[in-house]
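Numbered per our numbering, the sequence shown spans residues 2 to 497.
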Amino acid sequence: MNSLMDVLGEAGQALAALLASPFLYLAVLLAWWHAKQEVVLQRAMFHVRLYSSLTVAFYRTLAGIGAGVVLSVLSLGTGGRLDEATLVCLWIALPVLALLRLRYVCIAYGAGALGVVQQILEWSGVSAADGAAAKALLGIDVPALLVLAGLLHIGEGLLVRWQGSRFAVPLFLEGKRGKPVGAFALSGLWPVPLLWLVPATGTAGGFSLPWTPLSDLDGSVASWALLGFPVLIGFTDRTTTKWPEIKARELGWGLIVYGVVIAGLAAGAWYWQPLAIVAAIAAFALHEGLLLWGRSGEAGREPLFAQNGRGVTVLAVLPGTPAAELGFLPGEKIMKANGQKIGNKEQLHEALQLQAAYYKLEIANRDGEVRFAQRARYAGEPHQLGLILAPDEDADWVAAPRSGSIWQGLQRAGAKRRPSRRGALAAKAAEEANGASGELAAGEAARNAEAAGDSASAASSTVPATGPAGPATAPAASPETKSDPNALPPRRARSK
């Protein structure tokens, strides 16, 4: 009982220190900023937003707190030495890795890189006496850092399964041959307040445990303490060929399995040191394999959210709108509206105006089965029932491609403007008009030159010729060679 009270008392002190830390509120602010960027992207492409940034940040913060409680309880069974020097090394490693690939801003990559660097220093014969940097790197408890990374990925997988599809962001992407297609970005950033079990330092403070953590099966640690610090966990992925809830479920399970494997390898390194470098390399390699597995599931499949002229495809549904009340899902198609066949968004808009009192829709669901829906119509309702339709050739904006490094991320962030079909047709018409004007001008110049030549020939033929035959008159110009000043220029042969 006293041990439990000691743990609770230490947890209260660590929690108070965590709440006093400015980094916790910075993490919440970054979560809100991430949600704000999603809203900005939605407004650029659709001129509306699905959720407010404050709503998304609020629910993600609550979910992060819940994940922090679960992970803090799990840390009581593992423990591990994490000190200020270790966290500083991690914060230095992440920006350096971001210069190579933006996706490397992840604790798994950072912990793996530090584990590899530490092993290289040990093989090179570097000691802690060779400088402060060497001392900090050689003093890192790599297994503890990798166990933390594994547990965080387990928590991330659970959050992705729980909230990944709920706040999925619809996008317009540049597809094959420049044709825009609809997609979903499954992304999230969660602030996680964490209490981690660490060996107590100094003679005062600390508490004993009635159980033995995995990191101290030899019983060398006399007392323990709790270290409170915030962690940001997040992910991002896109899908054009899978329903967002299916993609979130697959991605969530992949992250959970990855976290279990890395945490298991790292925990084994506490008892067999050679496993530390194996776990460090696996943190890198398996994470890359997880990404390749996700992308291979998208390759070679037809996009789900594209217009083909047979009905109009729904990309997303605005909450609290008539479309939400009618039960629309992403990927469904409106085949008829008020009895009229639909092939594009303009026809949908015209068909919806045929009835002032109600909507009557024929809808093909994701399996191709037809259902019917109808609803009374009221004044002030949103445009197109609150539906976000999959893009067509007239889409003005598409999301920027995924960035390789942090520099590309700064250059490509957000959305980019694309020439719409109407703009391209207008440019082509203007080009053809300019070409036609040039042809008319060339034809006019040719007629003027031909008329001038005929006048000169006529003047020379009226001069009398002297000789025995007497005066001679020039022959009249033949009809074939006579120029008609009102005639159109000859038609140009079309090149094949």
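Built from N, CA and C at the ideal position, the CB exists for glycine as well.
Asked: Could you name each continuous alpha helix (DSSP H) segment of 4 residues or more that falls completely within the stretch 17 to 68, going from the start of the chain to the end?; Found: 23 to 47
Asked: In whole angstroms, what separates the C-alpha of PRO275 from that of SER125?; Found: 16 Å
Asked: Provide the residue(s) that pair with ARG311 in DSSP beta bridges, ordered along the chain.; Found: In DSSP, ARG311 forms no bridge with anything.
Asked: Specify the secondary structure class of ALA280 as computed by DSSP and reduced to three states.; Found: helix
Asked: Helix, strand or coil: which one does DSSP assign to TRP254?; Found: helix
Asked: How big is the Cα-Cα spacing for ALA374 and ARG178?; Found: 36 Å
Asked: Below 8 Å on the Cβ atoms is my guess for PHE173 versus PRO245; work out the distance and round it to an integer in Å.; Found: Not quite, the Cβ-Cβ distance comes to about 15 Å (not below 8 Å), so this is no contact.
Asked: Could you check if LEU355 is buried or exposed, using at least 16 other CB atoms within 10 Å of its CB as the buried criterion?; Found: exposed
Asked: Is ILE247 helix, strand or coil when you go by DSSP?; Found: helix
Asked: Give the straight-line distance between the Cα atoms of GLN81 and PRO96, rounded to the nearest whole angstrom.; Found: Note on residue identity: the sequence assigns Gly, not Gln, to residue 81. Using only the alpha carbons, I get a separation of about 24 Å.
Asked: Can at least three beta-carbon pairs, one atom from the stretch 210 to 219 and one from the stretch 234 to 249, be found at a separation below 8 Å?; Found: no
Asked: For ALA377, I'd like the list of residues in its chain whose CB is within less than 6 Å of its CB, leaving aside the five on either flank, ordered along the chain.; Found: TYR359
Asked: Round the Cβ separation of VAL261 and GLY151 to the nearest angstrom and send it over; I've been treating them as touching at under 8 Å.; Found: 7 Å
Asked: Grouping DSSP H, G and I as helix and E and B as strand, with all else coil, what is THR241?; Found: coil
Asked: GLU333 and ARG367 - do their beta-carbons sit closer together than 8 Å?; Found: yes
Asked: DSSP has ILE364 in a bridge; who is on the other side?; Found: ILE335, ARG372
Asked: Measuring only the C-alpha atoms, how far is GLY111 from ALA45?; Found: 34 Å
Asked: Are the Cβ atoms of LEU159 and ALA68 separated by less than 8 Å?; Found: yes
Asked: Would you list the residues sitting across from PHE208 in a DSSP beta bridge?; Found: TRP225
Asked: Taking C-alpha atoms, which residue in VAL182, HIS350, VAL161 lies nearest to PRO171?; Found: VAL182
Asked: Does the beta-carbon distance from ASN318 to LEU388 come in below 8 Å?; Found: In the sequence under discussion, the amino acid at residue 318 is Val, which differs from the Asn named in the question. A contact, by the Cβ cut-off of 8 Å.
Asked: I need the straight-line Cα distance from ALA145 to GLY298, nearest angstrom please.; Found: 33 Å
Asked: Do HIS35 and LEU190 have their beta-carbon atoms positioned less than 8 Å apart in this structure?; Found: yes
Asked: For LEU1, which residues in the same chain have their Cβ closer than 7 Å to its Cβ, ignoring the five residues on either side in sequence?; Found: Outside the shown range of the chain, which is 2 to 497, sits residue 1, and nothing can be said about it.
Asked: Is the beta carbon of PHE59 closer than 8 Å to that of VAL161?; Found: no
Asked: Mind reading off the beta-carbon distance from LEU139 to ALA129? Whole number of angstroms is fine, and I expect it under 8 Å.; Found: 5 Å
Asked: Can you tell me which of the three DSSP states GLY468 falls into?; Found: Unreliable placement is indicated for GLY468, whose pLDDT of 41 sits below 50; the coordinate value is still reported in the next sentence. GLY468 falls in the coil class under three-state DSSP.
Asked: Does the separation of the CB atoms of LEU291 and TYR259 fall below 8 Å?; Found: yes
Asked: Could you have a look at SER73 and say whether DSSP puts it in helix, strand or coil?; Found: helix
Asked: Between VAL232 and LEU153, how many whole angstroms is the CB-CB distance? I'm expecting something under 8 Å.; Found: 6 Å
Asked: Rounded C-beta distance between SER166 and LEU187? I'm assuming under 8 Å.; Found: 7 Å
Asked: For PRO192 and LEU19, which I take to be in contact (beta-carbon distance under 8 Å), what is that distance rounded to the nearest angstrom?; Found: That pair is no contact at about 11 Å.
Asked: From the DSSP secondary-structure annotation, give me the bridge partner or partners of GLU175.; Found: PRO181
Asked: Using CA atoms only, rank isn't needed, just tell me which of ALA169, GLY265, ALA324, TRP271 is closest to ILE247.; Found: ALA169
Asked: Excluding the 5 residues preceding and the 5 following GLY255 in the sequence, name in chain order all residues of the same chain whose CB lies nearer than 6 Å to its CB.; Found: LEU291
Asked: Roughly how many angstroms lie between the CA atoms of LEU91 and LEU122, to the nearest whole one?; Found: 17 Å
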